Amino acid sequence: MKEKLIKAAKKARTRAYVPYSNFAVGAAVLTESGQVYTGCNIENAAYPVTCCAERVAIFNALANGDSAFVEFAVVADTERPVPPCGSCRQVMSEFFDPNMKIHLTNRNEQTKTVTLEALLPFSFNADDMD
Ligand code: THU
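Residue 82 in this note's numbering is what sits at position 77 of the sequence shown, and the numbering runs on without skipping anything.
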């Protein structure tokens, strides 16, 4: 499944809208039903409005009524396996199990697989508001 997700993320990356950074990112998430939802980064002339590939993939699944996430992949043209930004890690923590596998891949197909817990330890979540 790792390879399938990376392939889907690479394909999504080709659709990135990145006229400002020229840095294309692709992401793909698998759900329990076997469905794969993809995302690419979509930039805006008002720079902070930009949405990262990871969040687009997660929001794509949610918008399709599917939130049973099981595995995730992200791909970019980086030297090391691409590290997701802090905002995306926080969004992952809202929806992913702490042990969920996240595959980080770079231009040479070097892949580092981490858990959400490793990416964002001691994260703020809904329980903290009880
Ligand atoms: N970006 C992502 O899509 N995911 C990441 O993990 C890192 C950053 C995007 C946002 C922006 O379009 C471009 O990469 C440069 O920051």
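Every residue, glycine too, gets a C-beta built ideally from N, C-alpha and C.
Please read these numbers as outputs of a predicted model, since none were measured by experiment.
Can you list the residues near ligand 1, meaning Cβ strictly closer than 7 Å to any non-hydrogen atom, in the order they appear in the chain? Qualifying residues come out as Val23, Ser26, Phe28, Val30, Asn46, Glu48, Thr55, Cys57, Ala58, Glu59, Val79, Ala81, Val87, Pro88, Pro89, Cys90 and Cys93.
Could you check what DSSP says for Glu59 in three-state terms: helix, strand or coil? Helix, per DSSP.
Looking at the unbroken alpha helix (DSSP H) that takes in Ala96, where does it start and where does it end? In the sequence on display, residue 96 carries Val and not Ala. DSSP places Val96 inside the alpha helix (DSSP H), whose first and last residues are Gly91 to Phe100.
Just to confirm, are Ile11 and Thr116 a CB contact at a threshold of 8 Å? Yes. Within cutoff.
Which residues bound the alpha helix (DSSP H) around Ala123? Looking at the DSSP string, the run of the alpha helix (DSSP H) that includes Ala123 is Leu121 to Leu124.
Simplified DSSP assignment, three categories, for Val23: Coil.
List the residues that DSSP assigns as beta-bridge partners of Val41. Val41 pairs with Leu35.
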